[in-house]
Each structure stands twice: as structure tokens, then as C-alpha cells.
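Quick notes on the structure that follows.
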Amino acid sequence: MGMSLYLSDGKDVVGPLNAYEALKYAKGQKLSLENWQICDSSHLWKSLSGELPNLALQALDPGTTRPKTESPSGGDQTKPRKKYESLVDPIDEPAALERLAKIRLMLDSVWEKQRERIIAVVKNRDAADSLKVAGKDLQAVQEQINNLTLEYWRKAGTLLEWVRDLTWGDPDEVGDYYMKLTSTETDKKMEEVRTKLEENELNEQVGCYCFMNGWNYEYIGETTEQTLAVRILTGHKNKDWWDRTDAMRIIIPKNSKNTKRLERLLILAYDPKSNTAEGRKTSAADEVLETINDELNELTKT
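-1 is the number of the first residue of the sequence shown in this note's numbering; add one for each residue after it.
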């Protein structure tokens, strides 16, 4: 069985996926082993039920994560003494794998053009213009792949892995504090936030904060120059999103010098409605996006 695998029930096709991803997708979606088939580059469709043992044998672990970003010296913040109520973010692994398959399809199309440009050289011919990817076409490809990458990160929880690297708590925790607001009037909401920040010894901290409406994020910000209490209650006193806010989430970095990096990851993860800026592009996610674009530039050189 080859590296590029496709799953189908006769109507929909999902792929290409590697063996590990195909197995995870089949389990995550609880696919009917009798109704779904699998094939590789041989284009021979086989019953998923019959191929499952082979798939399990070839399913390699995806490997270790990339090295963590080193924390700057100084700026360490004391870990809280109490256990906070946290918000558990949903993970949708099958949907993430579908995005990964789309990225592979786009990369395959770029690699096919590169291959045929090389074949043209072998034939001592000029490559057709349709085989070149440059200018607006390259920009469009990069944008689509970047968008799919961001969707994959959100569905798979990759952005949260980077967030956890920067925050309080155990390695498997975001280390956040989630406060549900019971008040409906803005003045009373602000007083409720003030009280809860003080009760939980967060009012004098610096870090990131999220105004929420259900599962939607209205605004995400950060503060290092002011305390959380001052920034939230004074800096945002007259903002219209207070009317829509029914909860807040406080996320504190282990090192205050990583606050802007943390804010950037949170903006990418939750796509807040009222933010007009994207945050400072110095996060681990930005490093990966830069690497992807560099690789695409190399692939499309003529």
C-alpha cells in the first residue's frame, strides 16, 4: 500500500492521506468497514474491512513536534496558588484530516507542474506557460494553502499546543481562567469582572484576555504596560462588545515577555469578531507559515 491513500463510499472521496491519517479518519468518523473502500496510487479499490490489518501495520506515528520557542530571560510570572475553572476547547480530528488532504492535493498540483517543467528540459523543449506558477498565481496558491493550514490548526488543536507551551499550568493544560457572567447590564458586568479578578488574584497580573459571547470570541487583547483589571475595565470601558459579552477568559503567559506572542496565537485560534489587527507576527505559527511560503517559492522557481 502506497503513501497516498484515498477513502471512498462510492459517492465521496477523502484523500490523499497517509496510513496513520487514514486509520485515524476511519475511526474518528466511525466509517462502515463494509461500505467504504481504500486505494493507493495503483487505483485499485479494495474493501476497507479487508485492508484494515495492513493499514494498521503501516500506520506510523506522526513523529515528534517541532522544537519549542525558547523563552526570553526575565519576565517570569508566579504560578497561581489555586485551581481555576478552565474552558475545554473542542477538537475535530476528522475535519482536520480533510483539510490536510486538501493541502496535499494543492501541493501535488504544484509538484506536477515542477515535474513536467523538468521533463520539458529533458526533451530539450521550453516548458509551456501553463506549467509556470508565479506572480498572482503563486500568491493565490500560498493564500489558499495558508488558509487551509490555519483551518487545520484550529480543527486539530495545533494552535492550542503552542498556546500551552507559553502559559501557566501542566503541559496538557491551557492554564486559563474562564468566568461566566450572570449580569446583563454593562455596568454590572464590569463590576462582576472586577470582583472575580480580585477574588482569583488576577487583577494585578499581565497577560491576555478574551471577551466572549457563547463560543464566539468578540475581542482578544493583551496587556503588559497595565494590569489586567485596569486594561479590561478602563481601557475598554466604552466598547460596544460589552453588550454582547456573557463570559471572559483570562490566559496568562509563564513569561510576561511572551504576552504579544500569546495574543497572536489566540487571535489565530479564535478569529475574534471585533479585532482590527492581527497581532504581532512573531509566534510559532508565523514561523511555520514562513517556512511553507519559502518552500512554495522554491518549488515554483523556473
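Every residue gets a Cβ at the ideal spot worked out from N, C-alpha and C, and that includes glycine.
From the options, pick the residue whose C-alpha is nearest to that of residue i; which is it?
{"i": "Ser47", "options": "Leu195, Lys28, Ser40", "result": "Lys28"}
{"i": "Leu260", "options": "Leu50, Arg152, Lys299, Ala282", "result": "Ala282"}
{"i": "Trp240", "options": "Asn211, Leu263, Ala93", "result": "Asn211"}
{"i": "Trp166", "options": "Tyr215, Asn253, Lys111", "result": "Asn253"}
{"i": "Arg162", "options": "Ser84, Thr184, Leu146, Glu110", "result": "Ser84"}
{"i": "Tyr82", "options": "Arg97, Thr280, Ile249", "result": "Ile249"}
{"i": "Glu114", "options": "Ala132, Ser128, Lys44", "result": "Ser128"}
{"i": "Asp38", "options": "Leu53, Leu294, Asp10, Ala93", "result": "Leu53"}
{"i": "Leu164", "options": "Glu32, Asp74, Pro270", "result": "Asp74"}
{"i": "Asp185", "options": "Asp292, Asn236, Ala138", "result": "Asn236"}
{"i": "Trp43", "options": "Leu3, Glu293, Ala245, Arg247", "result": "Leu3"}
Does DSSP classify residue i as helix, strand or coil?
{"i": "Ile116", "result": "helix"}
{"i": "Asp174", "result": "strand"}
{"i": "Ser6", "result": "strand"}
{"i": "Ile250", "result": "coil"}
{"i": "Tyr82", "result": "coil"}
{"i": "Asp124", "result": "coil"}
{"i": "Ile89", "result": "coil"}
{"i": "Asp185", "result": "helix"}
{"i": "Asp244", "result": "coil"}
Within its chain, find whatever has a CB closer than 7 Å to the CB of residue i; leave out the 5 residues flanking it on each side and keep chain order.
{"i": "Lys187", "result": "Leu179, Ser181, Trp240, Thr243"}
{"i": "Ile265", "result": "Ile218, Asn273, Glu276, Gly277"}
{"i": "Met1", "result": "Asn16"}
Cutting at 8 Å between CB atoms, please list the residues of its own chain near residue i, excluding the five before and the five after it.
{"i": "Asn201", "result": "Arg192, Leu195, Thr225, Leu226, Ala227"}
{"i": "Trp109", "result": "Leu297"}
{"i": "Thr257", "result": "Val204, Gly205, Cys206, Glu220, Thr221, Thr222, Pro251"}
{"i": "Val120", "result": "none"}
{"i": "Leu158", "result": "Asp87, Val172, Ala267"}
Considering residue i, what are the terminal residues of the alpha helix (DSSP H) in which it resides?
{"i": "Gly48", "result": "46 to 56"}
{"i": "Ile265", "result": "257 to 268"}
{"i": "Asn295", "result": "282 to 297"}
What are the boundary residues of the beta strand (DSSP E) that residue i is part of?
{"i": "Asn144", "result": "Per DSSP, Asn144 belongs to no beta strand (DSSP E); it is in the alpha helix (DSSP H), 133 to 154."}
{"i": "Glu220", "result": "214 to 221"}
{"i": "Val11", "result": "11 to 15"}
{"i": "Met1", "result": "Neither: Met1 is in no beta strand (DSSP E) and is coded neither H nor E."}
{"i": "Ile36", "result": "35 to 37"}
{"i": "Pro205", "result": "The sequence shown places Gly at residue 205, rather than the Pro named in the question. That run of the beta strand (DSSP E) goes 205 to 211."}
State whether the stretch 213 to 224 contacts the stretch 232 to 239, with contact taken as three or more CB pairs (one from each stretch) at a distance under 8 Å.
-> yes
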